[in-house]
Amino acid sequence: MASPTILHVDMDAFFASVEQLDDPTLRGRCVAVGGGQRGVVAAASYEARKFGVRSAMPIFQARQRCPHLIVVPPRRQRYAELSQRIMQILGHFSPLVEPISIDEAFVDVGGCERLHGTARETGLAIKTQIREQTGLSCSVGIAPNKFLAKIASDLNKPDGLTLITAEQMMRFIDDLPIQKVPGVGPRAQQRLAAMGISALGQVRGFSEAQLVRRLGAFGRRLMELARGHDDSPVVVESEAKSMSSEITLDQDTRDRSLLATHLLAQAEAVARDLRRHQLRARTITLKLRSADFQRHTRGQTLPQPVDSADAIYATALGLLNAFDLNQPIRLIGVGAGNLQSRQVPLQQELFATEENQHRRQWEKVDRALDAIDERYGRHCVMRGTLAEPGKTKK
DNA sequence: TCTGGGGTCCTAGGACCC
DNA sequence: TCTGGGGTCCTAGGACCC
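Dropping the structure here:
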């Protein structure tokens, strides 16, 4: 039977813990990271959780539950910095590290026993090093596969270490509440409940065909997990598949020129992101959320991939212009998908059309802005239309 | 004072091609 | 004059995760 060599390392209340780390006056207090006029909680300190504050909860609701809650705006740059440090530490224990979000990673320590000891010993050493080098705590789950390692890390939070052996595995699966299975959200849980399934073990009482009929491809995956099968490997490299920028407006609006101004800023952000990663995108997506909270997307796939703010903005604006604003808009965003490496040469660059000349000029502007950003920091220089948000020249 | 921002994967229908 | 069928790409939406 497979020995437990997969570790799942999960930082405890990451954003909130970082804020408490950097600002000692926040320690021991109820802290929520999040904000904006219509924001939600991105992370809550354990003190705040005692009052029922949870992530994804609207801030106003969190304040109702916890009147002395201190709400701190997120500092993504800082979290990313610490995340990098943590991933580096993990890299010292195994070459097989798979970051799955800013504060979580899988580590496969199979074959590393001689260097770092058993998986449990490695887990303890990781916790110690992360604490010593960053001042932050994490929880570690160890199991024979990724699925169970992830579940395990959640069992003794915060600052825990949980090991599920191959012998304990099936007993554990049998009793595992179905909503704890990654991928089972409210909808799937509802459908499974309708089948009388509340624990993962009960899934085995059905045929795969029955599960697939009700849950699609996920039904097959669920059956595999219920049987204790999960051979998904720890994958080191994974390329981004999309990049996006979006914002929830302080107030709903139907003002197209205001929306266009946001689109321009977002196109610049996405374009910069693409260029930083040496990528170009062929598909541009406009994302809107209307006042009734319905989500709408409109996409366009271009004949050639792009990485300029100009091209992304033009495409997104075209999509916005074609969209009926029946309802006021509460969120607007731009996404770039269908990504490909910049190394692939563009066919149209072979031709000196007027359009290409125009495009090349804008590319020069982008490169210049990139260089200035690099040297003097972001937002040092910006387009006139963005200097005064809400106003667009006609 | 309802419900962020950044992602991934799946589904399903239509266009289009052979 | 009855409408095959498979593959791929594109688009829109939905579920889910942190």
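Under the working numbering, the first residue of the first sequence is numbered 647, with each subsequent residue one higher.
Positions of the beta carbon are idealized from the N, C-alpha and C atoms, including for glycine.
A quick note: this is a predicted structure, and the numbers were derived from the prediction, not measured.
Exercise for the section: Answer with buried or exposed for P790, where buried requires no fewer than 16 other C-beta atoms within 10 angstroms of its C-beta. Expected result: The count along the first sequence starts at 1 and reaches residue 790 at position 144. Buried, since its Cβ has 16 or more Cβ neighbours within 10 Å.
Problem - Euclidean distance between Cα positions of I735 and G806 - result: Along the first sequence, one-based indexing puts residue 735 at 89. Along the first sequence, one-based indexing puts residue 806 at 160. Cα to Cα, the separation comes out at about 18 Å.
Exercise for the section: Could you check if G680 is buried or exposed, using at least 16 other CB atoms within 10 Å of its CB as the buried criterion? Expected result: As a first step, residue 680 must be located in the first sequence, where it is residue number 34. Burial check for G680: the Cβ neighbour count within 10 Å reaches 16 or more, so the residue is buried.
Exercise for the section: Under 6 Å Cβ to Cβ from T931, same chain only, skipping five residues before and after it: list those, please. Expected result: If you number the first sequence from 1, residue 931 lands on position 285. Correct list, in chain order: T943, G945, G981.
Exercise for the section: Would you give the residue range spanned by the alpha helix (DSSP H) that A957 belongs to? Expected result: Here the question's residue 957 lines up with position 311 in the first sequence. Run containing A957: 955 to 967, per the alpha helix (DSSP H) assignment.
Handout entry: Start-to-end residues for the beta strand (DSSP E) that takes in G979
Key = Position 333 of the first sequence, counted from the start, is the residue given in the question as residue 979. 975 to 987 is the extent of the beta strand (DSSP E) around G979.
Problem - Residues that M657 bridges to, as DSSP identifies them - result: Counted from its first residue, the first sequence places residue 657 at position 11. Answer by DSSP bridge pairing, in chain order: C784.
Practice task
Can you check DSSP and say which residues form a bridge with D754?
Solution key: What you label residue 754 is simply residue 108 of the first sequence in a count that begins at 1. Its beta-bridge partners are I652.
Practice task
Assign P823 to buried or exposed, taking buried as 16 or more other Cβ atoms, counted over all protein chains shown, within 10 Å of its Cβ.
Solution key: As a working note, residue 823 is residue 177 in the first sequence. Looking at its Cβ environment, which holds fewer than 16 other Cβ atoms inside 10 Å, P823 is exposed.
Handout entry: alpha helix (DSSP H) segment containing A917, residue limits
Key = Within the first sequence, residue 917 is the residue found at index 271, counting from 1. Counted as a single uninterrupted DSSP element, the alpha helix (DSSP H) harbouring A917 occupies residues 902 to 922.
Exercise for the section: Can you grab the Cα-Cα spacing for the pair T907 / Y959, in whole Å? Expected result: Counting from one through the first sequence, the residue named residue 907 turns up at place 261. Counting from one through the first sequence, the residue named residue 959 turns up at place 313. Cα-Cα distance, rounded: 10 Å.
Practice task
Evaluate the contact criterion for the region 836 to 851 versus the region 807 to 826: three or more CB pairs, one atom per stretch, below 8 Å.
Solution key: yes
Problem - Rounded straight-line distance, which links the Cα of H762 to that of A812 - result: As a first step, residue 812 must be located in the first sequence, where it is residue number 166. As a first step, residue 762 must be located in the first sequence, where it is residue number 116. Going from the Cα of A812 to the Cα of H762 covers about 21 Å.
Exercise for the section: Express the C-alpha separation of Q856 and Y725 in angstroms, rounding to a whole number. Expected result: One-based indexing of the first sequence puts residue 725 at position 79. One-based indexing of the first sequence puts residue 856 at position 210. Spanning the two alpha carbons is a distance of roughly 44 Å.
Handout entry: Enclosing beta strand (DSSP E) for V990 [first to last residue]
Key = Your numbering for residue 990 matches position 344 in the first sequence. Neither: V990 is in no beta strand (DSSP E) and is coded neither H nor E.
Handout entry: Alpha-carbon spacing of A662 relative to H875, whole angstroms
Key = Residue 662 sits at position 16 when you count from the first residue of the first sequence. Residue 875 sits at position 229 when you count from the first residue of the first sequence. So the two alpha carbons sit approximately 35 Å from each other.
Handout entry: Alpha-carbon spacing of G757 relative to M816, whole angstroms
Key = As a first step, residue 757 is located in the first sequence; it is residue number 111 there, counting from the start. As a first step, residue 816 is located in the first sequence; it is residue number 170 there, counting from the start. Answer to the nearest angstrom: the Cα atoms are 24 Å apart.
Practice task
State the Cα-Cα distance for the pair V743 and I788, rounded to the nearest angstrom.
Solution key: The sequence position of residue 743 within the first sequence is 97, counting from 1. The sequence position of residue 788 within the first sequence is 142, counting from 1. Rounded to whole angstroms, V743 to I788 spans 14 Å at the Cα level.
Handout entry: Cβ contact check for the region 903 to 920 and the region 953 to 970: 3 or more pairs under 8 Å
Key = yes
Exercise for the section: Please confirm whether R976 and R935 have their CB atoms less than 7 Å apart. Expected result: For this step, residue 976 is matched to residue 330 along the first sequence. For this step, residue 935 is matched to residue 289 along the first sequence. A contact, by the Cβ cut-off of 7 Å.
Handout entry: Beta-ladder partner(s) of K933, from DSSP
Key = On the first sequence, residue 933 is found 287 positions in, with the first residue counted as 1. K933 is bridged to T943, G979.
Practice task
State the start and end residues of the unbroken alpha helix (DSSP H) segment that holds G737.
Solution key: Along the first sequence, read from residue 1 onward, the residue named residue 737 stands at position 91. 722 to 737 is the span of the alpha helix (DSSP H), which, as asked, contains G737.
Problem - For I746, the three-state DSSP class (helix, strand or coil) - result: For the purposes of this step, residue 746 is taken as the residue at position 100 of the first sequence. In the structure shown, I746 sits in a strand (DSSP, three-state: E or B).
Handout entry: Buried or exposed by the 16-neighbour rule on C-beta atoms within 10 Å, applied to G865
Key = On the first sequence, residue 865 is found 219 positions in, with the first residue counted as 1. Buried.
Problem - Backbone CA spacing between A962 and I978 [nearest angstrom] - result: For this step, residue 962 is matched to residue 316 along the first sequence. For this step, residue 978 is matched to residue 332 along the first sequence. Taking the straight line joining both Cα atoms gives about 11 Å.
Exercise for the section: Determine the direct distance from the alpha carbon of C712 to that of F697, and round the result to whole angstroms. Expected result: Counted from its first residue, the first sequence places residue 697 at position 51. Counted from its first residue, the first sequence places residue 712 at position 66. Straight-line Cα distance between these residues: approximately 6 Å.
Problem - beta strand (DSSP E) runs wholly inside the region 807 to 849, at least 3 long, in chain order - result: 807 to 809
Exercise for the section: Measure the C-alpha to C-alpha separation of A771 and V755 and round it to an integer number of angstroms. Expected result: As a first step, residue 771 is located in the first sequence; it is residue number 125 there, counting from the start. As a first step, residue 755 is located in the first sequence; it is residue number 109 there, counting from the start. So the alpha carbons of these two residues sit roughly 12 Å apart.
Exercise for the section: Just tell me which of F739, R673, L728, L905 has its CA closest to the CA of D896. Expected result: Taking the first residue of the first sequence as 1, we reach residue 896 at position 250. Closest option to D896, judged by alpha-carbon separation, among F739, R673, L728, L905: L905.
Exercise for the section: Would you check if the region 715 to 734 and the region 664 to 674 touch, i.e. whether three or more CB-CB distances between them fall below 8 Å? Expected result: Contact between the region 664 to 674 and the region 715 to 734 is present, because at least three Cβ pairs lie under 8 Å.
Handout entry: Three-state secondary structure assigned by DSSP to S890
Key = Taking the first residue of the first sequence as position 1, residue 890 is located at position 244. Three-state DSSP puts S890 in a strand.
Practice task
Rounded to whole angstroms, what's the CA-CA distance from M869 to A659? Just pull it up for me.
Solution key: On the first sequence, position 223 is the one that residue 869 refers to. On the first sequence, position 13 is the one that residue 659 refers to. Whole-angstrom Cα-Cα distance: 32 Å.
Handout entry: Between the CA atoms of S785 and N802 - distance to the nearest angstrom
Key = Translated into positions along the first sequence, residue 802 becomes position 156. Translated into positions along the first sequence, residue 785 becomes position 139. So the two alpha carbons sit approximately 7 Å from each other.
Practice task
Rank R926, Q775, T894, G842 by C-alpha distance to the C-alpha of G685 and give the top, closest one.
Solution key: Reading the first sequence from its first residue, position 39 is the one you call residue 685. Of the listed residues, the one whose Cα sits closest to G685 is T894.
Practice task
Compare the beta carbon distance of R928 and N984 with 7 Å and say whether it is the shorter of the two.
Solution key: In the first sequence, residue 928 corresponds to position 282, counting from 1. In the first sequence, residue 984 corresponds to position 338, counting from 1. Result yes, Cβ atoms of R928 and N984 sit closer than 7 Å.
Problem - Same chain, Cβ closer than 6 Å to R709, neighbours up to 5 away in sequence not counted - result: Position 63 of the first sequence, counting from 1, holds the residue named residue 709. Taken in chain order, the residues that qualify are L715.
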